[in-house]
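Take the sequence shown: its position 4, counted from the start at 1, is 531 in the numbering used here, and no numbers get skipped.
C-beta: ideal position from N, C-alpha, C; glycine also.
Notes to accompany the following structure.
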Amino acid sequence: MESIRSDFPILGQPLADGTPLVYLDSASSAQKPRVVIDALSECYETYYANAHRGVYQFGVKIDEAVEGARERIARMIGAERPEEVIFTSGTTMSINLVAQAWGRPSVVRG
């Protein structure tokens, strides 16, 4: 467990009373491991742009990063195709999307 905790810089900070931090509000805002912090920092510093919005240098680079992430996630979760992986703005949008796409046609009264 300590090797996992050490990947998350914020978890190395004790609370005011000295006890180790335990973060349980991940649906609201998930803490990031160092590798994610570093990747975001590189993106913000070198090629930040809106994905799938342009053919200029930064637009192409961000598209490659997003699609590369989609492919890696698809492999990790065993999806048949990367197109099965979607990104949303957060937990609430994801839950609502599932409720609308699957729940509405699948759930019946009674």
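With distances taken between CA atoms, V593 lies nearest to P609 out of P609, G605, L551, I604.
Remark: C-beta atoms of F585 and A596 do not approach each other more closely than 8 Å. Y571 is not a Cβ neighbour of K588, given a cutoff of 8 Å. Cα atoms of G617 and S533: separation of roughly 25 Å, rounded to the nearest angstrom.
The segment 537-552 makes no contact with the segment 561-571: fewer than 3 CB pairs, one atom from each, lie closer than 8 Å.
Within the segment 549-575, the complete alpha helix (DSSP H) runs of at least 4 residues fall at 561-573. The Cβ-Cβ distance between I600 and V612 falls below 8 Å.
The three-state reading of DSSP puts Q584 in helix, counting H, G and I together. Counting along the chain, no alpha helix (DSSP H) covers I613, and no H or E run does either.
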